[in-house]
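Report on one structure; see the data block that follows.
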Amino acid sequence: CKFNNEKQSMETITDFFNFELFNFNNNSLSVSDLSSIILIIVITKLVLWIINKALFNKNKLHKLDKGSAFALFQIIKYLIWIIAITLMLETLGIKVTILLAGSAALLVGVGLGLQQTFNDILSGIILLLEHSVKVGDILEIDGDRVIIQEIGLRTSKGMNVRQIVVIIPNSLITTNKVINWSHQTQKTLFNIDIGVAYGSDVDLVIKTLEESAIVHLEFSECEFKEVRFVNFGNSSMDFQLYFYSKNIFTIEKVKSDIRKIIYRKFNEQKITIPFPQMDLHIKSKDF
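Each residue of the sequence shown is one higher than the one before, counting from 1 in my numbering.
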């Protein structure tokens, strides 16, 4: 009697898992199939969580920096999801190879229509594999300076100096001229252009510019380099103040602070900053 009860329970469980939720064109979805799909999704998310913790564990992350670890995780994530989706389709009785072969003509048409999208996806794969651009890098694209926060398969996300989120197609990074301010060095050379009136004491101008730079730079993790007398301009004698800075993303604020000091010290030293002027000479002719 006990054996019969156990057998009946097993049959009930089997019938439950074999129960068809719906049937369409000889394709059915049973409770067992749905359970398998849910299990695949759960296992996929669990594996990705474990990999994410392993890659971004600071105690184990010796050779990989944050950007490289993120790129590696993105590649692994896409591969695992491709495998998971393939298994889910097989669970539903859909043969992936037959599906691809049967929809070849459709895929060609879709490919032509989504050519730019595929270009962006291919560019995203290149970025993730090459590591030429990583999370945390500061890029200058079309005159806009952004810090990269995320590199996706089709687009990348960054934040510009005005704290605005910028969505960048990956093909824009790989095919256009892009300046990577943080690719090779921790500090970058910047300059400020200054013009003074003709007749000014050149040595005094250079000394004043040097003092102006040193006053601010020693408090802003910057390093003064030099002042150059670069040109005799149309309305001014032109100088350039050079300095190194690690504050690449906020460099415009650093420049602004230095300019304020320069302006104050120029006023103290009676050094004039000229502005373009035009003299109009009228000749009168006696008839």
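Ideal Cβ placement from N, Cα and C applies to all residues, glycine included.
Here SER212 is actually not in contact with ILE271; their C-beta atoms are around 11 Å apart, not less than 8 Å. Residues ILE179 of the same chain have their beta carbon placed closer than 6 Å to that of GLU140, with the five preceding and five following residues left out of the count. Under the rule that a run must span 4 or more residues, the alpha helix (DSSP H) segments found entirely inside the region 192-242 read 202-217.
The C-alpha of GLU223 lies about 10 Å from the C-alpha of HIS216.
With contacts defined by Cβ atoms closer than 7 Å, ALA69 and ILE40 do not form a contacting pair. The Cβ atoms of ILE80 and THR44 sit closer than 7 Å to each other. Rounded to the nearest angstrom, the Cβ distance from VAL196 to SER236 is 6 Å, consistent with a contact under 8 Å. With respect to the C-alpha of GLN115, the residue from HIS131, THR250, ARG154, ASP144 having the closest C-alpha is ARG154. The continuous beta strand (DSSP E) containing SER156 extends over residues 155-160.
Taken through DSSP and simplified to helix, strand or coil, PHE190 comes out as strand. Look at VAL146 here: in three-state DSSP terms it is strand. Taking C-beta atoms as the reference points, ASN176 and SER156 fail to come closer than 7 Å. In this structure, the straight-line span from the alpha carbon of ASP257 to that of PHE275 is close to 21 Å. Under DSSP, GLU140 takes part in a beta bridge, and its partners are ARG145, ILE179.
Distance from the CA atom of GLY152 to the CA atom of ILE51, rounded to whole angstroms, is 18 Å.
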